[in-house]
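For reference, the structure is listed below as structure tokens.
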């Protein structure tokens, strides 16, 4: 089995209360696929410039991550600069240089078109997310992440692609923007009923994550008291871990999603304890399993 | 059975993103005792000025809250003004007028000295908390709440009283200040081992609350998606509900504390949906029970 992930590959400049880094490798599909690599193979669909390090390709390939769909184009890699004033707020964006991403038109390599694999549409333009869904061959399930910018600027395209999506992972602010109702409960109704999302996962940072279906809520805590250094990539690592765990589940239902959420909470807690992908690259499987066991107890799963 | 609570009675000026109120009744022991009143009797030890409304005394007494120890003194009631810039941060204090609280020296009325009742030391000067513990006759358990200001300015007194405390309810920032270690895990160790707190409850707002003992962590979510209007009194209502539920438990152990935390999460979620004590006064028992049932499912308790 495998997962195909479409998203950004980037250089990030990051400032947090714990320090700063310039020009480090990031991007949603990099975080996602590294996080997924502890449980399954993944296939990247993305674009980079000629400046993207060969070393990163090697790191990805060494972890059974296919870069057949990670296209190198003339020009510079997408880059983003952001500053976290505190760890309880979203970062302030200092700059966004689309570079090669501006003309990105995703295509799916033949080698990725294994049937019954999972498709994850990371946070990119919903127009591209729609395009990928149409190109892809019968995925087992489709997951999607998005952000306030796309919800506000490309609402129509986003709602179109959401009709095809099984599992949506967003945060509380994005839920409000998507639901466009005053009360969060009404927003949940919009998403699970009107937009037809079967499994909605609301990410709440240190407040854990909540699985919302038409029938019930289920809460999974985040790993308590992790030592946050850089929250960048937390959501993408969470999604990578979640879908890698689902990829190895025989059935995808509320029970297997709850179990995968515990694993995802455990794994993504490591990502944010170092800058960028540093911890994802150096992490040992046994460390993830230890936190997963602890979380199972805390969460009574 | 009953609970004796020592704390502040106040007039509050409150500004939040959802509106503002001036001169409304508040204070830790008012929130605490109203929250506790759905399950048990409580006894207030506090002081007010001649300006404190007779109507509030009546509201309290009608709910089996004894005001024998709520002393009326010449002068004005303690008042506090604060502004919440967002619901994820602590409020900014605009003013604190101690007024009659400046000369407050708590004494315990004879009618409160029933043995085997619970004693709760709400957030006041640790010097006064020590004094009350010494005055009180064999409480069943002692609970305590405090804040950054006292941890920093009266550390010695606070640590002295903590040696007598069974259940401590604080937030994450206060835990850091109390533990004085870089990592939160080390702070937890300081509190549960060096300071000897048997049951530490870390309140995390929308992130729920965590019970920490020497042996394990247990997480209870907050009620998801409540419509926050004014967070004032959330912690005091939580404590009031928690201890009222423990008061009706035959034994006080990890299991009964977890169950009481679910009830406390449910009840305190109502407090913050209106300004001040408005919701606590108008709340129906069946509404609390409904949220408690929902939370039990979400939390797998």
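Chains as they are written, first to last, in this note's numbering: chain Z, 9 to 309; chain Y, 9 to 309.
The beta-carbon is built from N, C-alpha and C at its ideal position, and this holds for glycine as well.
Who are the Cβ neighbours of residue i in its own chain at under 8 Å, not counting the five residues just before and after it?
i, result
"residue 147 of chain Z", "12, 124, 125, 126, 127"
"residue 181 of chain Y", "98, 156"
"residue 256 of chain Z", "9, 47, 48"
"residue 87 of chain Y", "18, 19, 20, 21, 31, 103, 104, 105, 107"
"residue 239 of chain Z", "24, 92, 95, 99, 213, 280"
"residue 172 of chain Y", "141, 150"
"residue 306 of chain Y", "229, 232"
"residue 237 of chain Z", "24, 26, 27, 280, 281, 282, 283"
Reducing DSSP to helix, strand and coil, say where residue i ends up.
i, result
"residue 121 of chain Y", "coil"
"residue 11 of chain Y", "strand"
"residue 113 of chain Z", "coil"
"residue 199 of chain Y", "helix"
"residue 296 of chain Z", "helix"
"residue 91 of chain Z", "strand"
"residue 194 of chain Z", "helix"
"residue 129 of chain Z", "strand"
"residue 217 of chain Y", "strand"
"residue 108 of chain Y", "helix"
"residue 223 of chain Y", "coil"
"residue 182 of chain Y", "helix"
"residue 74 of chain Z", "strand"
"residue 97 of chain Y", "coil"
Please report the residue range of the alpha helix (DSSP H) in which residue i lies.
i, result
"residue 246 of chain Y", "242 to 255"
"residue 65 of chain Y", "62 to 70"
"residue 278 of chain Z", "262 to 279"
"residue 139 of chain Y", "134 to 143"
"residue 209 of chain Z", "Note, residue 209 of chain Z: premise wrong, no alpha helix (DSSP H); beta strand (DSSP E) at 207 to 211."
"residue 286 of chain Z", "286 to 290"
Using the rule of at least 16 other Cβ atoms within 10 Å of the residue's Cβ for burial, across every protein chain shown, is residue i buried or exposed?
i, result
"residue 191 of chain Y", "exposed"
"residue 137 of chain Z", "buried"
"residue 212 of chain Z", "buried"
"residue 194 of chain Z", "exposed"
"residue 145 of chain Z", "exposed"
"residue 36 of chain Z", "buried"
"residue 70 of chain Y", "exposed"
"residue 252 of chain Z", "buried"
"residue 111 of chain Y", "exposed"
"residue 261 of chain Z", "exposed"
"residue 131 of chain Y", "buried"
"residue 61 of chain Z", "exposed"
"residue 45 of chain Y", "buried"
"residue 224 of chain Z", "exposed"
"residue 244 of chain Z", "buried"
"residue 41 of chain Y", "buried"
"residue 119 of chain Y", "exposed"
Taking the beta strand (DSSP E) that residue i belongs to, which residues open and close that run?
i, result
"residue 20 of chain Y", "18 to 24"
"residue 31 of chain Y", "27 to 34"
"residue 167 of chain Z", "No beta strand (DSSP E) holds residue 167 of chain Z; the alpha helix (DSSP H) holding it covers 163 to 170."
"residue 179 of chain Z", "175 to 179"
"residue 152 of chain Y", "150 to 153"
"residue 85 of chain Z", "Neither: residue 85 of chain Z is in no beta strand (DSSP E) and is coded neither H nor E."
"residue 55 of chain Y", "49 to 57"
Which residues of chain Z have a Cβ atom closer than 7 Å to the Cβ of residue i, listed in chain order?
i, result
"residue 217 of chain Y", "Going along chain Z, no residue has its Cβ under 7 Å from residue 217 of chain Y, so there is no contact; the nearest lies around 10 Å."
"residue 192 of chain Y", "233"
"residue 237 of chain Y", "Here the premise fails: no neighbours, minimum Cβ distance about 12 Å."
Run through chain Z and tell me which residues come within less than 9 Å of residue i, C-beta to C-beta.
i, result
"residue 264 of chain Y", "Under the 9 Å cutoff, chain Z gives no residues; its nearest Cβ is about 16 Å from residue 264 of chain Y."
"residue 100 of chain Y", "Within 9 Å Cβ-Cβ: nothing; residue 100 of chain Y doesn't reach chain Z, min ~15 Å."
Given residue i, which residues of its chain have a CB within under 7 Å of its CB, disregarding the five upstream and five downstream residues?
i, result
"residue 304 of chain Y", "270"
"residue 231 of chain Y", "273, 274, 277, 299, 303"
"residue 242 of chain Z", "276, 279, 280"
"residue 59 of chain Z", "84, 85"
"residue 81 of chain Z", "55, 57, 108"
"residue 207 of chain Z", "174, 175, 219, 221, 265"
Cβ closer than 7 Å: which chain Y residues qualify as neighbours of residue i?
i, result
"residue 224 of chain Z", "305"
"residue 285 of chain Z", "Near residue 285 of chain Z there are no residues of chain Y at all, since even the closest Cβ is about 22 Å away, more than 7 Å."
By the criterion of Cβ-Cβ separation under 8 Å, what are the contact partners of residue i in chain Y?
i, result
"residue 212 of chain Z", "214, 215"
List, in chain order, every chain Z residue whose beta-carbon is nearer than 8 Å to that of residue i.
i, result
"residue 96 of chain Y", "96, 97"
"residue 158 of chain Y", "Those do not exist, as residue 158 of chain Y stays about 23 Å from chain Z at its closest Cβ, beyond 8 Å."
"residue 88 of chain Y", "Neighbours of residue 88 of chain Y on chain Z: none; closest Cβ ~23 Å, over 8 Å."
Go through its chain and collect everything with a Cβ distance to residue i's Cβ below 6 Å, but skip five positions before and after it.
i, result
"residue 134 of chain Z", "158, 162, 165, 166, 169"
"residue 64 of chain Y", "33"
"residue 184 of chain Y", "195"
Starting from residue i, find everything on chain Y with Cβ-Cβ shorter than 9 Å and list it in chain order.
i, result
"residue 172 of chain Z", "Chain Y residues near residue 172 of chain Z: none, gap ~26 Å exceeds 9 Å."
"residue 309 of chain Z", "308"
So is the beta-carbon of residue i under 6 Å away from any non-hydrogen atom of the ligand NAD?
i, result
"residue 197 of chain Z", "What this structure holds is no ligand at all, so the ligand NAD is not there to describe."
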